[in-house]
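Taking the UniProt record's numbering, I'd label the letters of the sequence shown as residues 1 to 121.
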Amino acid sequence: MDTADHTTHAGRRRVLLGALDLVPDEGRPALCQAFDALMARRTQQIHILAMLNKQFGDLDLPAVSRSAFSRWALRVRSGDVARPGEQKPGAASPAEQRSSTLRAIIAVALRSLADRIEGRS
Numbered sequence: 001m002d003t004a005d006h007t008t009h010a011g012r013r014r015v016l017l018g019a020l021d022l023v024p025d026e027g028r029p030a031l032c033q034a035f036d037a038l039m040a041r042r043t044q045q046i047h048i049l050a051m052l053n054k055q056f057g058d059l060d061l062p063a064v065s066r067s068a069f070s071r072w073a074l075r076v077r078s079g080d081v082a083r084p085g086e087q088k089p090g091a092a093s094p095a096e097q098r099s100s101t102l103r104a105i106i107a108v109a110l111r112s113l114a115d116r117i118e119g120r121s
């Protein structure tokens, strides 16, 4: 199982953690290499997964399923996942940061529109 966003009854989002979000510290360097390879887009995803599973095997960590890796790769490429080890606890996720920026842009546009309607422009 990989991370998925779910909307609760109050409109709040909760995040379910999956296999790649729960990798122990000794597996983080391998996960960082996989992250970098995905972002570089020079290697096929199946080869990146094979490399990651080989490194995990060397560390006696369980292999990652193709489906879990695929879901994680989609989230990495869409910017919803920070590079492993870079995001501080309590920091806003990239999706939340984009949402906040979008709200600020919309607020400025609405204020400008209101000013034009009132004839202040």
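Where is the CB? At the ideal position from N, CA and C, for every residue including glycine.
In the DSSP assignment, residue 67 falls within the unbroken alpha helix (DSSP H) covering 66-77.
Taking C-alpha positions only, residue 48 is separated from residue 59 by approximately 17 angstroms.
In this structure, residue 76 lies away from residue 52, with their beta-carbon atoms at least 8 angstroms apart.
Residue 56 sits away from residue 85, with the two beta carbons spaced by 8 angstroms or more.
Rounded to the nearest angstrom, the Cβ distance from residue 83 to residue 35 is 5 angstroms, consistent with a contact under 8 angstroms. Beyond the five residues adjoining it in sequence on each side, residue 32 comes within less than 8 angstroms, by CB distance, of 83, 84, 85 in the same chain, given in chain order.
In this structure, the CA atom of residue 112 is about 14 angstroms from the CA atom of residue 103. Remark: C-beta atoms of residue 64 and residue 30 do not approach each other more closely than 8 angstroms.
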